[in-house]
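*Asks:* I'd like to ask you about the structure that follows.
Residue numbers (my numbering): -18 to 150.
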């Protein structure tokens, strides 16, 4: 557990030029606090403690401004810069080394208990206030521009921007 916390803190220090040190990141970065709390909450969710997990996720949302459903799957070295206003839905899957900015939504587009949230593969960057909707896949090392609305798959390595999002590279 402590190894993963150190790994996350080091990763955030590398990604955020405003970070003055890893101690600051550990103590004062709510996006990381939300990810760390989610790990335990997800563990509870997967073991059937659904109400407890939902209540804890709600407390984390109040404290950090980041709402991560207990059922969402999050990989290693995932960072949420600033954090406020991030929403990650129940069936969302996030790979390793993903960097997200504030105000993003990984939202669903169905009312049935099916895979209805995005899959974000490893190495993806998601810009401020981007909205990703539905059972779509954002390919490895892709980038989603700030304010974009993505409703279709994004190829690995592609950069998409706009409403609706279109490839620009």
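Built from N, CA and C at the ideal position, the CB exists for glycine as well.
What three-state label does DSSP hand residue -10 in the structure shown?
*Replies:* As a position in the chain shown, residue -10 is number 9, starting the count at 1. Helix, per DSSP.
*Asks:* Could you check what DSSP says for residue 108 in three-state terms: helix, strand or coil?
*Replies:* Against the chain shown, residue 108 aligns to sequence position 127. Three-state result, residue 108: coil.
*Asks:* Who are the Cβ neighbours of residue 35 in its own chain at under 7 Å, not counting the five residues just before and after it?
*Replies:* The count along the chain shown starts at 1 and reaches residue 35 at position 54. Only 51 meet the Cβ criterion.
*Asks:* Does the pairing of the stretch 13 to 26 with the stretch 55 to 73 give three or more beta-carbon distances under 8 Å?
*Replies:* yes
*Asks:* So for residue 28, helix, strand or coil by DSSP?
*Replies:* One-based indexing of the chain shown puts residue 28 at position 47. Residue 28 falls in the coil class under three-state DSSP.
*Asks:* Kindly confirm or deny that the stretch 25 to 32 and the stretch -15 to -2 touch, where touching means at least three C-beta pairs closer than 8 Å.
*Replies:* no
*Asks:* For residue 98, which of helix, strand or coil comes out of DSSP?
*Replies:* Along the chain shown, read from residue 1 onward, the residue named residue 98 stands at position 117. Coil.
*Asks:* Out of 26, 63 and 42, state which residue places its alpha-carbon closest to the alpha-carbon of residue -2.
*Replies:* Locating residue -2 in the chain shown gives position 17, counting from the first residue. Comparing Cα-Cα distances from residue -2 to each of 26, 63 and 42, the minimum goes to 63.
*Asks:* In whole angstroms, give me the CA-to-CA distance for residue 124 and residue 81.
*Replies:* As a position in the chain shown, residue 124 is number 143, starting the count at 1. As a position in the chain shown, residue 81 is number 100, starting the count at 1. For residue 124 and residue 81, the distance between alpha carbons rounds to 10 Å.
*Asks:* Pick out whichever of 106, 132, 110 and 118 has its Cα sitting closest to the Cα of residue 140.
*Replies:* Along the chain shown, read from residue 1 onward, the residue named residue 140 stands at position 159. Of the listed residues, the one whose Cα sits closest to residue 140 is 106.
*Asks:* Looking at the structure shown, is residue 50 part of a helix, part of a strand, or coil, going by DSSP?
*Replies:* As a position in the chain shown, residue 50 is number 69, starting the count at 1. Residue 50: coil per DSSP, three-state reduction.
*Asks:* Report buried or exposed for residue 39, applying the criterion of at least 16 other Cβ atoms within 10 angstroms of its Cβ.
*Replies:* Here the question's residue 39 lines up with position 58 in the chain shown. It counts as exposed.
*Asks:* Alpha carbon to alpha carbon, how far is residue 45 from residue 96?
*Replies:* The count along the chain shown starts at 1 and reaches residue 45 at position 64. The count along the chain shown starts at 1 and reaches residue 96 at position 115. Roughly 26 Å separates the two Cα atoms.
*Asks:* Rounding to the nearest angstrom, what Cα-Cα distance links residue 136 and residue 129 in this structure?
*Replies:* On the chain shown, residue 136 is found 155 positions in, with the first residue counted as 1. On the chain shown, residue 129 is found 148 positions in, with the first residue counted as 1. Whole-angstrom Cα-Cα distance: 15 Å.
*Asks:* Cα-Cα, which of 76, 84, 61 and 55 is closest to residue 9?
*Replies:* One-based indexing of the chain shown puts residue 9 at position 28. Out of 76, 84, 61 and 55, 61 has the C-alpha closest to the C-alpha of residue 9.
*Asks:* What are the partner residues of residue 113, as DSSP defines its beta bridges?
*Replies:* In the chain shown, residue 113 corresponds to position 132, counting from 1. In DSSP, residue 113 forms a bridge with 87 and 131.
*Asks:* Give me the Cα-Cα distance between residue 148 and residue -5, rounded to the nearest whole angstrom.
*Replies:* The count along the chain shown starts at 1 and reaches residue 148 at position 167. The count along the chain shown starts at 1 and reaches residue -5 at position 14. If I take the Cα positions, the gap works out to 27 Å.
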